[in-house]
Amino acid sequence: MKQILIIIIATMISFLGISQNGKMAANVQGLKIAYITKELNLTSDEAQKFWPVYYTYFNELKKARIETKDDVIVFEEKMLGIKKKYSSEFKKVLGTDERANKVFLADRNFGAIIRKEIQNRQKNLR
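Throughout the sequence shown, residue numbering follows this note's numbering, covering 1 to 126 in sequence.
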């Protein structure tokens with residue numbers, strides 16, 4: 001099932017035009033939502049509670065990345081603090097430490113899928 005989802009994501013990304021950055025970002029965001037929802041096996045009630053917390057988490061990470069763009073170590077420290085903070089927030093919504101930790105794994109795995117797809121597309125352009 002996971003391979004099917006990866007194939008679907010890769011196919012959808014391949015149909016996106018690189019020149020349509022805004023549209024592409026929105027489509028990738030939609031794919032990310034679908035991927036994480038599936039990986040966490042969220043119910044509709046959990047999803048309603050989870051996504052606002054996730055977006056707050058994501059925005060804090062983005063802010064930390066901008067503020068510490070020149071200092072990798074400081075960014076890593078901030079990122080760890082943010083993850084620790086949101087691990088407990090995710091646990092409140094998802095019920096267990098295992099599911100809360102799976103948020104971070106799903107997020108990382110989705111990023112890896114996207115990076116791999118971008119690399120493949122760049123190879124095909126050569």
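From the three backbone atoms N, C-alpha and C, an ideal C-beta is built for every residue, glycine too. Computed from a predicted structure; not experimentally measured.
The region 56-64 and the region 80-96 touch, with no fewer than 3 CB-CB distances between them shorter than 8 Å. In the three-state scheme derived from DSSP, where H, G and I count as helix and E and B as strand, K84 is classed as helix. Counting along the chain, R108 sits inside the alpha helix (DSSP H) bounded by residues 97-125. Under the three-state reduction of DSSP output, K69 falls in the coil class, being neither helix nor strand. As the crow flies, the alpha-carbon of D45 is around 18 Å from that of K102. For R99, same chain residues with a beta-carbon under 7 Å away, outside a window of 5 residues either side, are L40 in chain order. One thing to note: Y35 has its Cβ within 8 Å of the Cβ of A106.
It is roughly 17 Å from the alpha-carbon of T37 to the alpha-carbon of S87. Nearest neighbour of Q29 by Cα position, chosen from Y54, K123, E77, N120, turns out to be Y54. The C-beta distance from V93 to K32 rounds to 17 Å, too long to fall under 8 Å, and the pair is not in contact. Close CB contacts of F110 within its chain, under the 6 Å cut and outside five residues either way in sequence, are with K32, Y35 (chain order).
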